[in-house]
Structure formats: structure tokens, C-alpha cells
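Peer 1:
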Amino acid sequence: MTDIHAYFAELEDIPGTRVYTGKRAREGYHLNQFAMSLMKADNRARWKADEAAYLADWHLTDEQRKAVLSRDYNRLLDLGGNIYFLAKMFSTDGLSFVQAVSTMTGMSVEDYQAMMVAGGRSAVGQRSIRANAASGDNKGAN
Amino acid sequence: MTDIHAYFAELEDIPGTRVYTGKRAREGYHLNQFAMSLMKADNRARWKADEAAYLADWHLTDEQRKAVLSRDYNRLLDLGGNIYFLAKMFSTDGLSFVQAVSTMTGMSVEDYQAMMVAGGRSAVGQRSIRANAASGDNKGAN
Amino acid sequence: MARITAGVATSHIPALGVAVDLGKTAEAYWAPAFAGYEWTRAWQAAEAKPDVVILVFNDHATAFDMKLIPTFAIGCAERFVPADEGWGPRPVPVVEGHPDLAWHIAQSLILDEFDMTIINDMDVDHGLTVPLSMNFGTDAAFTTPAAWPCKVIPLAVNVVTFPPPTGNRCWALGEAVARAVASFPEDLNVQIWGTGGMSHQLQGPRAGLINRDWDNGFLDGLIGDSDRLRHVPHIEYLRETGSEGIEMVMWLVMRGALGRETRLLHRHYHVPASNTAVGHIVLEPVA
Amino acid sequence: MARITAGVATSHIPALGVAVDLGKTAEAYWAPAFAGYEWTRAWQAAEAKPDVVILVFNDHATAFDMKLIPTFAIGCAERFVPADEGWGPRPVPVVEGHPDLAWHIAQSLILDEFDMTIINDMDVDHGLTVPLSMNFGTDAAFTTPAAWPCKVIPLAVNVVTFPPPTGNRCWALGEAVARAVASFPEDLNVQIWGTGGMSHQLQGPRAGLINRDWDNGFLDGLIGDSDRLRHVPHIEYLRETGSEGIEMVMWLVMRGALGRETRLLHRHYHVPASNTAVGHIVLEPVA
Ligand SMILES: [Fe+3]
Ligand SMILES: [Fe+3]
Chain D
1 MTDIHAYFAE LEDIPGTRVY TGKRAREGYH LNQFAMSLMK ADNRARWKAD
51 EAAYLADWHL TDEQRKAVLS RDYNRLLDLG GNIYFLAKMF STDGLSFVQA
101 VSTMTGMSVE DYQAMMVAGG RSAVGQRSIR ANAASGDNKG AN
Chain X
1 MTDIHAYFAE LEDIPGTRVY TGKRAREGYH LNQFAMSLMK ADNRARWKAD
51 EAAYLADWHL TDEQRKAVLS RDYNRLLDLG GNIYFLAKMF STDGLSFVQA
101 VSTMTGMSVE DYQAMMVAGG RSAVGQRSIR ANAASGDNKG AN
Chain P
1 MARITAGVAT SHIPALGVAV DLGKTAEAYW APAFAGYEWT RAWQAAEAKP
51 DVVILVFNDH ATAFDMKLIP TFAIGCAERF VPADEGWGPR PVPVVEGHPD
101 LAWHIAQSLI LDEFDMTIIN DMDVDHGLTV PLSMNFGTDA AFTTPAAWPC
151 KVIPLAVNVV TFPPPTGNRC WALGEAVARA VASFPEDLNV QIWGTGGMSH
201 QLQGPRAGLI NRDWDNGFLD GLIGDSDRLR HVPHIEYLRE TGSEGIEMVM
251 WLVMRGALGR ETRLLHRHYH VPASNTAVGH IVLEPVA
Chain H
1 MARITAGVAT SHIPALGVAV DLGKTAEAYW APAFAGYEWT RAWQAAEAKP
51 DVVILVFNDH ATAFDMKLIP TFAIGCAERF VPADEGWGPR PVPVVEGHPD
101 LAWHIAQSLI LDEFDMTIIN DMDVDHGLTV PLSMNFGTDA AFTTPAAWPC
151 KVIPLAVNVV TFPPPTGNRC WALGEAVARA VASFPEDLNV QIWGTGGMSH
201 QLQGPRAGLI NRDWDNGFLD GLIGDSDRLR HVPHIEYLRE TGSEGIEMVM
251 WLVMRGALGR ETRLLHRHYH VPASNTAVGH IVLEPVA
């Protein structure tokens with residue numbers, strides 16, 4: 001069978017990517033459950049009225065709370081957020097997936113959309129942090 | 001692999017026993033979900049205040065409704081009830097498992113308890129409806 | 001006897017559903033994505049006419065939150081209501097189940113040593129309803145029909161929390177589904193659909209990744225008698241097609257159910273739809 | 001490295017929990033049932049001292065209703081609260097989980113092609129708390145300790161809606177759990193418990209069935225290097241030990257996790273407790 005340690009080590013070797021492993025799911029449990037609560041219209045209304053007050057009901061870490069309030073999605077991924085759960089947040093803000101996702105890439109929405117129309121981001125140089133380091137190619141590392 | 005048709009046919013061959021198959025689970029879905037609702041104190045209070053009114057909220061068949069109101073547990077097993085769900089009903093009535101179970105055997109609680117202390121019901125003649133029929137032994141058939 | 005007559009795979013991109021629901025399928029941006037489904041819609045309506053579709057999909061934090069994560073869950077309910085994913089449910093028909101066949105498959109799979117979760121109540125998200133929109137209806141505007149033309153058995157696979165089931169396990173599940181269908185006594189025309197994919201990454205600095213070559217190689221691998229896709233490790237999907245490209249393991253359930261060899265009926269690939277590559281293939285089993 | 005040091009099996013009869021909670025364990029009716037656990041309690045406290053127990057049990061329409069029926073579910077939460085089964089929760093400590101090991105096992109099992117449901121929030125019923133009451137505590141009155149002396153990973157098996165997993169699948173799950181534990185880097189003393197059974201039927205005219213010979217043959221079969229129990233079909237449990245005797249398939253998860261051969265440390269059998277035969281065995285793996 002698969003060596004579980006090797007399996008999870010490899011998942012951390014992809015540039016610019018946070019695979020939603022059990023470790024992240026644990027860290028992000030309350031964060032994702034908070035986001036899920038925004039599926040209900042009543043909760044969305046309370047959230048929009050006073051975000052900080054709404055968050056007080058949820059066991060988030062201070063870092064998670066700060067990243068939620070500032071809509072720092074890359075940071076939220078680092079802190080255990082999963083994109084399908086975080087989507088409840090940016091949908092409530094009226095953002096599409098393209099708009100929200102582009103904020104994580106450091107590109108403007110327009111540039112990101114132009115990249116997609118041109119065929120998307122190439123996998124070249126984006127497959128492995130280790131391989132990039134070995135070849136001296138740092139593009140997209142981490 | 002197991003022949004599924006033979007597997008389920010055999011489950012129907014045990015005297016005095018209703019195995020909780022998918023078929024029964026479908027038939028008893030709302031019945032069992034109704035019983036489950038009695039896990040909550042508020043629901044128990046409403047149920048005790050007016051059983052028929054409480055049942056009106058649940059999609060039971062007329063036969064199920066009648067068997068619930070008359071506490072006919074063998075009939076409820078025939079109509080898709082599962083004993084762990086039905087237990088919410090008899091617990092709400094203040095009956096123990098021994099008391100409720102004895103009502104299904106046609107024995108008094110005292111006789112049933114005496115049987116258990118004496119070592120319980122023997123499996124002899126209780127294993128197979130078909131085998132009993134073949135041997136002319138009808139004891140406990142069906 | 002019930003029999004699996006065809007396999008369909010398709011992306012289940014939510015934006016495609018939105019384009020259908022807002023009547024935008026003919027717009028320049030969307031038209032090429034939808035064009036590739038015209039053959040399929042005509043074939044479904046005129047020729048294929050399934051009685052039941054076993055629809056392999058994943059829930060996207062809709063019916064399941066983080067309290068409970070089933071690896072394989074099969075929907076045995078009478079009906080499944082399109083979910084409110086946060087902006088109201090899609091204006092599409094309720095999905096009618098086939099509880100007789102669904103329970104039969106669930107029970108067969110458990111006897112066949114698959115550790116299924118049985119679901120009797122579930123709202124279904126875009127992962128399930130968008131493929132229905134792409135396959136059914138006959139007019140050029142992709143108008144949603146008043147009712148779906150067949151019953152649907154949802155088969156939900158966890159591809160969100162790692163690890164998802166292995167490709168081998170998905171393929172084996174498909175094989176077991178085919179055995180289960182074959183032992184159902186009623187005469188039913190059953191299709192199996194795999195959904196999700198192709199290349200896409202919705203998160204992080206690498207978002208927007210698309211790998212046209214890999215995706216097309218994957219489509220190639222579904223055709224004929226090769227089983228090489230069965231052994232593709234998760235890490236390869238992630239590196240080559242993006243973190244959400246892992247959804248393609250669900251296509252292997254479909255492929256496994258078609259047996260030793262498949263024949264290609266139709267194929268379509270387009271980039272982009274929103275963040276994603278659109279892939280679609282229609283296969284039939286070679287007896 | 002974590003290692004499985006012992007296997008314990010025991011009935012999880014709710015009435016035994018009630019006897020503990022009401023201080024009736026010394027009454028004439030109950031004393032012989034409890035007597036057989038005295039050896040185990042002394043051994044657990046003085047010698048065995050597990051860090052973690054993987055506790056295989058079934059939910060009895062408590063945490064799960066008919067909406068969702070997982071075949072195998074593993075509890076990965078920080079803690080599990082004793083459930084209110086309709087007459088208030090048992091007055092026993094909260095059950096502390098071991099999320100690190102639980103997630104590790106869950107993920108290993110999925111990679112090993114078991115289709116686990118991961119649970120992050122679950123109240124636990126008598127199926128889980130009664131075995132804790134029977135194993136832990138040191139005084140003759142079976143007083144419940146202020147806290148359970150170890151962490152617990154609940155592993156819930158569906159044995160209510162047919163079909164449950166096959167005996168072979170349960171045994172194989174145990175083997176896979178052992179592999180998963182062996183690959184956990186921390187040094188932990190882990191036990192695995194199988195619960196439920198023995199003979200009992202709680203429903204219908206045949207209720208009250210007890211089969212002392214079959215039960216004792218089953219206990220015999222757990223000892224040594226035989227794997228004959230692996231292949232006992234469901235129908236045999238039902239015919240011979242009553243409709244609820246099927247719970248014994250959960251003991252096979254424990255047996256499978258102990259490897260090729262076991263050695264008997266302790267054994268106990270008593271009839272009746274309420275409607276049920278009480279069975280209990282303590283085994284260790286033979287390296
Ligand atoms: Fe998806
Ligand atoms: Fe039990």
C-alpha cells in the first residue's frame with residue numbers, strides 16, 4: 001500500500017498550492033464551519049450587519065479572525081480554510097469565483113481573465129517546489 | 001461475491017424475526033424518523049399531550065399510525081419499524097427494553113424474565129421456517 | 001435485467017449552470033463550451049433515452065459540512081431537491097431518484113465489500129445539476145426542460161478532504177456498480193456519468209492552471225481497453241491539472257463500470273469556462 | 001512507534017450501564033455479570049495502561065438517524081459527549097479523543113482502500129460508554145472514575161440496517177487499522193476493543209434467544225491462529241444468536257487487528273443481563 005508519510009510529503013511539494021489535508025481540515029474546522037453558516041440567509045444578514053460580532057460566536061484563532069475580516073484568502077488557506085467553504089464568504093460579498101480566485105494570484109481580475117482566455121496558467125515550472133529548487137528555477141516556489 | 005437475492009431470501013427464513021433490510025427501512029422511513037423525534041424533551045411533551053395531533057405532522061400510513069397509537073410492536077416491525085427507533089416510543093412510555101420486548105413474544109413480563117434467568121429462549125426449532133416446515137415442526141413458524 | 005448502456009463524463013462547472021439559467025449560452029464567451037454538448041443532447045433525446053442515470057459527483061460544501069465526510073455515499077431517496085448554494089436554488093426541476101435500484105446497488109456494494117454510506121435525504125448542488133443541464137433538453141438555447149427525462153441515483157465521492165479514494169478504488173467501485181446493476185431484475189436502460197474536472201485550480205498563487213495536453217491524454221485513456229488511468233496517483237492529478245483536477249478520479253468510477261473495453265461516441269474539450277477546462281466524453285461498453 | 005498491545009471484546013448492554021449508574025452492581029441479579037470484569041479492571045489499571053483505545057461499536061439510533069447510514073465511521077474529534085438517549089445522558093465523563101492518531105488512521109485506511117466516513121462531531125451512546133464503565137475504575141462497586149484514563153477513538157460500524165459489512169470486511173478493516181497504527185510515529189500503547197453481542201434478539205416473537213454453545217464457540221474462535229470466524233455468514237449469526245447477535249461482526253475488527261495469532265488473557269460469559277448474554281474476552285497478539 002501507499003506510504004502515507006511520502007504521500008503527504010508530496011502534497012506539500014506543489015508550488016502555490018495548499019492541498020486540503022486532514023491536518024488543514026483540523027486547523028480550519030471552526031473557520032470552515034463559520035463560512036458554512038453563511039449558506040443561511042438569516043446568518044448572512046447578521047454577518048453583514050456586524051462581522052466582528054458574528055465572528056465572536058465562532059472559535060476562530062486571532063489570526064483566522066484577522067484574515068477573515070481582511071478577506072486575505074491566501075492566508076485563510078494557510079490557516080486551514082478550504083476554498084469551497086471560503087466561497088460562502090466571497091459569495092456573500094457578491095464576488096464570483098473568478099474575482100475571488102484572482103485575488104490569490106497577485107493578478108488583477110482583468111489580467112487573470114485574459115490569462116484564462118489565452119489557455120490558462122501553464123504547468124511548466126509549477127509542478128514541484130523541489131524540482132524547481134534543484135534546477136535553480138524559483139518561479140512560483142512555495 | 002454473495003448472491004444478493006439468496007442473501008435476502010435467507011433473511012426472511014428466520015421464525016418470529018423481521019430483519020431490518022433496506023426494503024423495511026424504506027417502508028418504515030417516516031415511522032422511524034417520527035420515533036427518533038422523541039429523543040428531544042420538547043417533542044416528548046408535545047407527543048404526550050396529544051399523540052394523534054403529533055402524528056399528523058409525520059407522513060405515516062394509516063396502518064402505521066394505528067399500530068403506533070395501539071403500541072402494537074410486532075405490527076410496527078412488519079410495517080418497517082426498527083427496534084432501536086421504536087425504543088424511543090416505549091422509553092417515552094416509561095417501559096424498559098425487557099418490558100417492551102416481552103409484549104412481542106406473547107409472554108407476560110414475569111414469564112419472559114423467568115425464561116431469561118433460566119438461560120433464555122433456545123435456538124432449537126427456531127432457526128429456519130423452511131426447515132421447520134420440511135420437518136413438520138411448525139413451532140414458531142413465521 | 002438492468003444494463004449499463006453508456007458512460008458520460010463531463011465537467012460540472014457552476015458557471016455553465018449560471019449561463020444556462022440566465023440564457024447566456026449563445027454568448028460568444030460561452031457558445032464554444034456549449035457547442036460540444038449539442039451532439040450529446042440530440043443523442044440522449046433521440047437514441048440513448050436512459051431510464052436511470054447513476055450520477056457520480058461530489059458535494060462542494062453544500063449537503064455535507066466538516067462534521068461528516070463520507071468517502072462514497074449513495075442517494076436512495078425518492079427525490080433530491082436542488083440546493084441553495086447561497087444565492088437561491090438553481091431554477092431546475094427536482095431530481096427524481098430510483099429508490100428500488102439505488103437500495104439494490106447500495107446493498108450489493110456493501111455485500112461486495114464497499115463501505116458505502118446510504119443517504120436518504122440530501123440536497124444536490126451544481127456538481128449534480130449542471131451535468132443534467134448539459135445533457136438534457138433539445139432546443140438550441142439550452143432551455144431547461146420542465147422535468148428531467150429520467151431518474152437519477154446520486155453517488156457522491158469525497159474529493160475535497162484529502163485523501164480522496166484512490167483511482168484504483170474508484171475504478172473498482174465502477175466495476176462493482178456494474179455487477180450490482182446486472183443483478184437487478186427489472187429491465188432498465190442505465191447510464192453512468194462521471195463528473196468534475198478537467199484541469200482547474202481554484203486556490204492560491206497557482207490558481208488558473210490548465211493542462212490541455214494532460215487532459216486530452218486522460219480523455220484518450222478512457223477509450224479502448226487500456227486500464228492505465230486506474231493507476232495514476234493523486235499527486236499526478238494535482239501537479240498536472242491543479243488542486244481541483246483531482247475531481248477526475250470520479251470519471252474512473254464511470255470508466256470502471258463500462259467493463260474491459262469502451263468505444264468512443266463523442267468527445268469535446270474547450271478552454272476556458274470561468275477558471276476551468278471543459279471536458280466531455282460519451283462512451284459505450286464494447287460487449 | 002504506536003503499537004496494538006491488546007484486544008478486548010465485551011457486550012455493551014445498556015442495562016449494565018444503568019446498573020453502574022444506579023450503584024446496583026453488587027445486587028444478586030447483576031453481581032455475576034460484573035464479577036467477570038474484575039480481572040480486567042485490575043489488569044487495565046495496573047498493567048495494561050493503554051494510552052489510546054480504538055473502540056469499535058455501533059450507534060443505536062442516537063447520533064445517526066435514517067437520513068444517513070455510514071458503514072464505517074471514524075471519530076476524529078477532540079472529544080465526544082455521552083448522548084442523551086431519551087432519559088438524560090449517562091453520568092460518565094466526556095470521552096477524550098485522539099485527533100492526531102484518529103486522522104492518521106482515517107487517512108491511512110482511505111489510502112488502503114477502505115471507504116471511511118470521517119466524523120468530527122458525534123455524541124456517543126451506551127454502545128461506546130458501557131464498555132468504558134466495564135473496563136475502567138478500580139473499586140469493587142464499579143464507581144465511575146472522574147475521568148477516563150485514556151483517549152478513545154470511536155469506530156462506528158453499521159449493524160442496524162442490512163446488510164452490515166461482511167465478517168471478512170470487518171476482519172480486513174482490523175488488519176488495516178493495525179497497519180495504520182504501526183505507521184504512526186509517536187510511541188503509543190494502543191488497544192482495540194470490539195463491542196456488542198453476544199446472543200440477543202430484541203424484537204418479535206423469537207425475542208430472548210440465547211445460544212450459549214454458539215457464543216462460547218465464537219469466543220474459542222478468537223483465540224489462537226484460526227481465521228474461521230472471518231468466514232461466518234451473517235445468516236448464521238442471525239439464526240444462531242438472534243437478530244441483534246449480528247453485532248459480533250464488530251469483534252472481528254478487533255480480532256483482525258491482533259494479527260495472525262492471539263493468546264487468551266481472560267474470558268467471561270454470563271446469562272442473562274436483561275435480554276442478553278454477556279460475553280467478554282481479553283487477548284494479546286502473539287508476535
Ligand atoms: Fe466540482
Ligand atoms: Fe448494541
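Residue numbers (full-length UniProt numbering), protein chains in the order written: chain D, 1 to 142; chain X, 1 to 142; chain P, 1 to 287; chain H, 1 to 287. Idealized CB from N, CA, C, for every residue including glycine. Every value quoted in this text rests on a predicted model; they were computed, and no experiment measured them.
Does DSSP classify D84 of chain H as helix, strand or coil?
Peer 2: Here D84 of chain H sits in strand by DSSP.
Peer 1: Please classify K66 of chain D: is it buried, with 16 or more other beta-carbons within 10 angstroms of its beta-carbon, or exposed?
Peer 2: A residue is called buried once 16 or more other Cβ atoms fall within 10 Å of its Cβ, and K66 of chain D, having fewer, is exposed.
Peer 1: Give a yes or no on whether the minimum CB-CB distance between N142 of chain X and chain P is below 7 angstroms.
Peer 2: Confidence at N142 of chain X is low in this model, with a pLDDT of 45, below 50, so its placement is unreliable and the value that follows should be read with caution. So, not an interface residue.
Peer 1: Do three or more CB pairs link the stretch 101–120 of chain X to the stretch 204–220 of chain H at distances below 8 angstroms?
Peer 2: yes
Peer 1: So that I know if they touch, is there some Cβ in chain P lying closer than 7 angstroms to that of A123 of chain X?
Peer 2: It does not; no Cβ of chain P falls within 7 angstroms.
Peer 1: Using DSSP with H/G/I as helix, E/B as strand and the rest coil, what is Y269 of chain H?
Peer 2: strand
Peer 1: Could you work out which residue in H:M1, H:V177 and H:G245 is closest to residue 292 of chain H when comparing CA atoms only?
Peer 2: No statement about residue 292 of chain H is possible, as the shown extent of chain H runs from 1 to 287 and does not include it.
Peer 1: Would you identify the three-state DSSP class for K67 of chain P, choosing helix, strand or coil?
Peer 2: coil
Peer 1: Using a Cβ-Cβ distance under 7 angstroms, would M116 of chain D count as near chain P?
Peer 2: yes
Peer 1: Unbroken beta strand (DSSP E) runs of length 3 or more, entirely within the stretch 145–226 of chain H: which are they?
Peer 2: Taken in chain order, the complete beta strand (DSSP E) segments of 3 or more residues contained in the stretch 145–226 of chain H are 151–157 and 189–195.
Peer 1: Does I129 of chain X come within less than 7 angstroms of chain H when only Cβ atoms are used?
Peer 2: no
Peer 1: Does E4 of chain H come out as helix, strand or coil in the three-state DSSP assignment?
Peer 2: Note that residue 4 of chain H is Ile in the sequence shown here, rather than Glu. I4 of chain H falls in the strand class under three-state DSSP.
Peer 1: Going by DSSP, what residue range makes up the alpha helix (DSSP H) through H104 of chain P?
Peer 2: P99 to L111
Peer 1: Please list the terminal residues of the continuous alpha helix (DSSP H) segment that includes G127 of chain P.
Peer 2: H126 to N135
Peer 1: What residues from chain B crowd round D121 of chain P, counting only those whose CB sits closer than 8 angstroms?
Peer 2: Reference to chain B is not applicable here, since the protein chains of this structure are D, X, P and H.
Peer 1: Using DSSP bridges, identify the partner residues of I118 of chain H.
Peer 2: P:I69 and H:I74
Peer 1: On the DSSP letters alone, give me the boundaries of the alpha helix (DSSP H) that F34 of chain P sits inside.
Peer 2: A31 to A35
Peer 1: By a C-beta neighbour count over all protein chains shown, 10 Å radius and 16 as the cutoff for buried, is N142 of chain D buried or exposed?
Peer 2: Since pLDDT at N142 of chain D reaches only 45, below the 50 mark, its modelled position is unreliable, and no value is offered.
Peer 1: Mind checking which residues open and close the beta strand (DSSP E) that includes V278 of chain H?
Peer 2: T276 to P285
Peer 1: What is the rounded straight-line gap between the Cα of E27 of chain H and the Cα of L55 of chain P?
Peer 2: 58 angstroms
Peer 1: The beta strand (DSSP E) with V53 of chain H in it runs from where to where?
Peer 2: Counting along the chain, the beta strand (DSSP E) containing V53 of chain H begins and ends at V52 to F57.
Peer 1: Along the chain, which unbroken stretches of the alpha helix (DSSP H) at least 4 residues long are found entirely within the stretch 84–131 of chain D?
Peer 2: Taking 4 residues as the shortest admissible run, the stretch 84–131 of chain D contains the following complete alpha helix (DSSP H) segments, listed from N- to C-terminal end: 97–103 and 109–117.
Peer 1: Who's in the neighbourhood of ligand 1, going by beta-carbon under 6 angstroms from any heavy atom, listed in chain order?
Peer 2: P:H12, P:N58, P:H60, P:G127, P:G196 and P:E247
Peer 1: Compute the Euclidean distance between the alpha carbons of R239 of chain P and V253 of chain P, then round it to the nearest angstrom.
Peer 2: 22 angstroms
Peer 1: Could you name the residues of the stretch 66–86 of chain D whose beta carbon sits closer than 8 angstroms to any beta carbon of chain P, in the order they occur along the chain?
Peer 2: Y73, N74, L77, N82, I83, Y84 and F85
Peer 1: Can you tell me the Cα-Cα spacing of R267 of chain P and N216 of chain P, whole angstroms?
Peer 2: 10 angstroms
Peer 1: Which first and last residues belong to the alpha helix (DSSP H) in which residue 143 of chain D is found?
Peer 2: This structure does not reach residue 143 of chain D, given that chain D is present from 1 up to 142, and the question cannot be answered.
Peer 1: Just grab the DSSP bridge partners of P89 of chain P for me.
Peer 2: P:D84
Peer 1: Mind checking if M1 of chain X is an interface residue toward chain P, Cβ cutoff 7 angstroms exclusive?
Peer 2: yes
Peer 1: Specify whether the stretch 126–141 of chain H and the stretch 111–118 of chain H touch according to this definition: at least 3 beta carbon pairs, one from each stretch, less than 8 angstroms apart.
Peer 2: no
Peer 1: What residues from the stretch 84–116 of chain H come within 8 angstroms of chain P, judged by C-beta to C-beta, listed N to C?
Peer 2: Those would be Q107, I110, L111, E113, F114, D115 and M116, in chain order.
Peer 1: Can you tell me where the alpha helix (DSSP H) with D3 of chain X in it begins and where it stops?
Peer 2: It is not in any alpha helix (DSSP H) - D3 of chain X carries neither H nor E in the DSSP assignment.
Peer 1: Rounded to the nearest angstrom, what separates residue 301 of chain P and D187 of chain H at their Cα positions?
Peer 2: With chain P running from 1 to 287 in the structure shown, residue 301 of chain P is simply not present.
Peer 1: With DSSP as the reference, label A9 of chain P as helix, strand or coil.
Peer 2: strand
Peer 1: Okay, do the stretch 145–154 of chain H and the stretch 44–62 of chain H touch, 3+ Cβ pairs below 8 angstroms being the bar?
Peer 2: yes
Peer 1: Thinking C-alpha only, which one of X:H59, X:L55 and X:N82 is nearest S243 of chain H?
Peer 2: With distances taken between Cα atoms, S243 of chain H lies closest to X:N82.
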